[in-house]
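Okay, here's the thing in structure tokens:
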């Protein structure tokens, strides 16, 4: 079995409603996302010798993750405060993206994994919130 990974970088803003530190305030990060795919090598055809074509990974991640989330305010749809901020931003024609969980690196990594698992033979998501802090999610 082989494991291959592709990395992406994108920017998002968020808050952690109810957090006991400065992350309760609106702020942003340049996230690094690493998508790990596992499998055996393709034995025939144009993709022979590959687990997956990196171009295919890029296209799938772009559609499912990057296009909706890059330069967006990502918010927890279960938080009244975060929904109010998102509504105001939407009124001002700003990009938002809601998920039904708190927007921690851990929850976002799991959300991203679940967005991709039916599209790729994904084995792990690694999401860096800062250059020195990341979360890994596997099923």
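In the numbering used here, the protein residues as written are 313 to 451. Using N, Cα and C, we set each Cβ at its ideal position, and we do this for glycine too. This one's a predicted model, so the numbers in the text were calculated from it and none came from an experiment.
Can you list, in chain order, the residues of its chain whose CB lies under 7 Å from that of residue i, leaving out five sequence neighbours each side?
{"i": "residue 376", "result": "427, 428, 431"}
In three-state terms, what does DSSP make of residue i?
{"i": "residue 354", "result": "coil"}
{"i": "residue 364", "result": "coil"}
{"i": "residue 327", "result": "coil"}
{"i": "residue 451", "result": "coil"}
{"i": "residue 338", "result": "coil"}
{"i": "residue 406", "result": "coil"}
{"i": "residue 432", "result": "coil"}
{"i": "residue 379", "result": "helix"}
{"i": "residue 359", "result": "coil"}
{"i": "residue 373", "result": "helix"}
Hey, out of the options, whose CA is closest to residue i's CA?
{"i": "residue 437", "options": "369, 359, 388, 324", "result": "369"}
{"i": "residue 389", "options": "408, 444, 313, 442", "result": "408"}
{"i": "residue 398", "options": "338, 332, 333, 319", "result": "338"}
{"i": "residue 340", "options": "395, 412, 394, 384", "result": "384"}
{"i": "residue 319", "options": "451, 371, 394, 332", "result": "371"}
For residue i, which residues in the same chain have their Cβ closer than 6 Å to its Cβ, ignoring the five residues on either side in sequence?
{"i": "residue 326", "result": "386, 415"}
{"i": "residue 316", "result": "349, 363"}
{"i": "residue 421", "result": "437, 439, 447, 449"}
{"i": "residue 410", "result": "387, 389"}
{"i": "residue 445", "result": "none"}
Between which residues of its own chain and residue i is the CB-CB distance below 8 Å, once the five residues before and five after are set aside?
{"i": "residue 328", "result": "335, 336, 414, 415, 416"}
Under the assumption that residue i contacts residue j (Cβ atoms under 8 Å), give the Cβ distance between them as a whole number of angstroms.
{"i": "residue 365", "j": "residue 322", "result": "Not a contact, Cβ separation roughly 21 Å."}
{"i": "residue 343", "j": "residue 313", "result": "That belief does not hold up - the Cβ atoms of residue 343 and residue 313 are roughly 28 Å apart, past 8 Å."}
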